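Before any comments, here is the structure.
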Amino acid sequence: MDKSEGIKVPHEKPYRYQEGEYTVTRGSAWSGPGCHLGCGVLLYTDKDDKLVKVEGDPENPFTQGRLCVRCLDMPEIVNHKDRLKYPMKRAREDRGKDKWERITWDEAYDITVEEFTKIKEKYGAESVVFIHGTGRDIAPWQSRLCWSFGSPNYGNVLSGNACYLPRVAGMAATTGSFWVADVSQHYIDRYDNPDWVMPEVMFIWGNNPIIANSDGFFGHWVIDLMKMGMKTVVIDPRVTFLAAKSDLHLPIRPGTDAALALGMLNVIINEEIYDKEFVDLWCYGFEELKERVQQFPPDKVAEITWIPEEKIVRAARMLAECKPATLQWGLAIDMTREAIPAGQAIAALFQITGNVDNPGGMVPPAEIMAYSGGWGRDLLPPEQEPKRLGLDRYKLLQMGFKQSSPDVLIETMETGDPYEIHGAHFQTTNGLACMAADPQRVYKAFNKCDFIVSVDLFMTPTIMALADVVMPAATFAERNGIRVGDGPQRGEVINKVTQIGECKSDMQINLELGKRLNPEAWPWETPEEMFTELLKPTGYTYEELREAAPVYLPVEYYKYKKGKMRADGQPGFQTATGRIELWSTFYNAAELDPLPYFEEPDPGPGSTPELFEQYPLVLTTGARNWNYFHSEHRQVERLRKMHPDPIVQVHPEKLKELDMVDGEWVWIENQNGRAKIKIEETPILTDPRIVACDHAWWMPEADPEKFFDVFEYNINNLMVYSPGKSGFGSNYKTSICRLYKIEDGE
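Residue numbers (UniProt numbering): 1 to 746.
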């Protein structure tokens, strides 16, 4: 794309204008605090440049003026009394104690550079790890800092990289691209665009998009299309709003998504209602897939998934009969141990029915930058790449995926094999509260480090427990930026309107720190110059894009027929066979099963029946709430009042059996650990054997030297590090547990 190709959104006013006593700035809301989407916003500031109001931008085609409660409450967040406002340090021997000393930015940088350089010279650059939270806009800057320092160990502490990456990796491996539901989000005239066709049916699988707006997908689009007549099939163990309004709800047992997909494939293939022409021309390995799915007749799948057989058959036929059909899927697919074959099976449903790169089907998103792969890989010295943790164990990490293995990282920190880890850089991540399975294990592992620096908006349990230096990060209202991230990318900008204390953006912090660690890798003087570098493929400078934004990349369907999906310009897909690989040559080369398969969650009723007798409830965790983003927002009064406590949803029948009541605090426990949690009685759980609970809880009002009670309330006490065979995926959303009463004094 260049400037002549991009499609600009017409605006009556410039990006910044006056409205009465307020200055109004148009921009994009893209973290921090947390958000995956980048909604169009209007930021209102007073004469003192204080943020006083946030509204949705009705002229932004992507979100059309609609915002979530977190964004509407940004003035409270930005101006919060507990914001980190200045760099701080404490002595290594005071780690875990609330003994912080304010320092200057130069001191913070000098200490960090001195400590990291000391570790690098004594133990090697690989002994410093660079950890980020949810990727959002952090990934490019954090990966560049890591690789320019010389460390190959960039990533997170989430077992199996079980968030987004399993789906991204799986789609790239089998089709050469990632795919998203086409709901006209790449057009400025949206539903009125003549080239777009509304999906006849949308499968909403493992995602509640009106609350969890993941992967650049705005949940309200589903409501828009339902009003226009689109059918929906919802796969979810709970009766969510969308499930209640759907044409078909499949109440699945958590962790059995692969079995459901294979059962639906069985129906579609055996009834010969797939798209024969598309399969013949563009798919590889169909006969092998046909043979595999014979192991999954609908009656057997009904027993595995706890979904009635007739619903499984009906869903399969709906998918085959409706054209176009599309898929909006989510984190529940990633957060099972064998996430890779589960995603492969689900994707195959839409591939053999021909819903590929067609209007209203599944389309490869237009990208300015493939941010999930990081930025600056060429900066890593070649001799450092073999030292990447997990590379020798998981072959997929050798085949284009650049993160280190979180599971191997924790083992390495404990054992010192193959080398010791001595330093860590945390970029806006609260791992002990959110990502870390067995958080006390992770705490002990990182506490062995000689030096840890953390960048964040607020004091967190992770900082209080582990950091030696803290650098205060800016919210999106306090920084400039570009919206480069998941989903269909567009030319959006983030515009700074206010300043709190001495906070700096993640990008500015990494640029200034990078210039001290490796000046040649960071030649830019300002973050805005760095944004212009990333925008080179578009022909825009940052300043030019700010005036024009949002700018949409050009869109085209059926690119695979025109040679626009392959590097060599030939028709087909960017795979070894040039086709969509139902039997994956990529997985076969990685010594993995080339076909999709289902493996019972372990532990679970189908794999560990004796243990299930001790812990007779299936546990699913982590469903989003309106007012929180993972572990964030707990100290924000208005948002906390909406959902003040960690809750476990329990069916009324089960509560009666357990002699428990709504609102009662109980222990939730399994063979790995336990946590305190509050009961919410609800019939939305379709099976009394399933309970669903919040994740990422800590109490900002609690004792900081007890790490805000993170180990008391954290559901991840019940989780363990245990990735899939590929190294991707882990059982965060499927486990087992029991509930029992809290005794006096507990």
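For glycine and all other residues, C-beta sits at the position ideal for the given N, C-alpha and C. Model, not experiment: these values are computed from the prediction.
Nearest-angstrom beta carbon gap, T305 and I252 [assumed within contact, 8 Å]: 5 Å
Establish whether the CB of I668 and some CB of chain C are separated by less than 8 Å. The structure shown contains no chain C; it holds only a single protein chain.
Are L51 and T498 closer than 8 Å when you measure CB to CB? yes
Could you check how far apart the C-beta atoms of R624 and A212 are, in whole angstroms? I think they sit under 8 Å. For R624 against A212, the beta-carbon gap comes to about 4 Å, under 8 Å, which counts as contact.
S631 by DSSP, collapsed to three states: which one? DSSP, read as helix, strand or coil, puts S631 in coil.
Exposed or buried, which one is W522 when buried takes at least 16 other CB atoms within 10 Å? buried
Need the endpoints of the beta strand (DSSP E) that W667 sits in, please. 665–669
Which residues share a DSSP beta bridge with D456? P472
Skipping 5 residues on each side, what residues in its chain have a beta carbon closer than 7 Å to that of E581? Only T174, Y284, G285, T575 meet the Cβ criterion.
Length at least 3, wholly inside the region 315–362: the beta strand (DSSP E) runs in chain order: 325–329
Does the beta-carbon of G604 have 16 or more other beta-carbons within 10 angstroms, so that it is buried, or is it exposed? buried
Answer with buried or exposed for K654, where buried requires no fewer than 16 other C-beta atoms within 10 angstroms of its C-beta. buried
Residues near A348 by beta carbon distance below 8 Å, same chain, minus five either side: A261, L265, L289, L582, P596
Please go through the same chain and pick out, in chain order, the residues whose beta-carbon is closer than 6 Å to the beta-carbon of Y191, but skip the five residues on each side of it. S184
Could you give the first and the last residue of the continuous beta strand (DSSP E) run that contains E547? Taken as a continuous stretch (DSSP letters only), E547 belongs to no beta strand (DSSP E), being part of the alpha helix (DSSP H) at 542–548.
Output needed for E17: all residues of its chain with C-beta closer than 8 Å, excluding positions within five of it in sequence on either side, in chain order. First, the residue type needs correcting, since residue 17 is Tyr and not Glu in the sequence shown. These residues qualify, in order along the chain: T23, V24.
Buried or exposed for R238, going by 16 or more other Cβ atoms inside 10 Å? buried
Would you give the residue range spanned by the alpha helix (DSSP H) that W105 belongs to? 105–123
Identify every residue that forms a DSSP beta bridge with S730. P723
Using a threshold of 8 Å, state whether the C-beta atoms of F531 and I482 are closer than that. yes
Go through its chain and collect everything with a Cβ distance to I188's Cβ below 7 Å, but skip five positions before and after it. I7, V9, P61, Y552
Could you tell me the distance, in whole angstroms, from the CA atom of Y419 to the CA atom of P406? 15 Å
Enumerated in chain order, which unbroken segments of the alpha helix (DSSP H) with a length of 4 residues or greater are wholly contained in the UniProt domain "4Fe-4S Mo/W bis-MGD-type" (25–82)? Here the runs fully enclosed are 69–72, 74–78.
Under a three-way DSSP split, which group does G390 fall into? coil
Just to confirm my understanding: we take D299, look at its own chain, exclude 5 residues before and 5 after, and list those with CB closer than 8 Å. What are they? Correct list, in chain order: E309.
Determine the direct distance from the alpha carbon of I463 to that of V453, and round the result to whole angstroms. 9 Å
May I ask you to report which of helix, strand or coil DSSP gives T232? DSSP places T232 in strand when its eight states are reduced to three.
Which class does W141 belong to by DSSP, given the choice of helix, strand or coil? helix
Using DSSP with H/G/I as helix, E/B as strand and the rest coil, what is W306? coil
Reduced DSSP category for G155 - H, G, I as helix; E, B as strand; rest coil: strand
Cut-off 7 Å between Cβ atoms - residues of its own chain near P461, not counting five sequence neighbours on either side: N430, L432, A433, W698, F707, F708, V710
N- and C-terminal bounds of the beta strand (DSSP E) containing M202: 201–205
Name the DSSP bridge partner or partners of G563? DSSP, once it has assigned bridges, lists no residue as partnering G563.
Could you tell me if E610 is buried or exposed, where buried requires 16 or more neighbouring beta carbons within 10 angstroms of its beta carbon? exposed
Give the secondary structure of T621 by DSSP, where H, G and I count as helix, E and B as strand, and everything else as coil. strand
According to DSSP, residues forming a beta bridge with Q427: DSSP, once it has assigned bridges, lists H132, V455 as partnering Q427.
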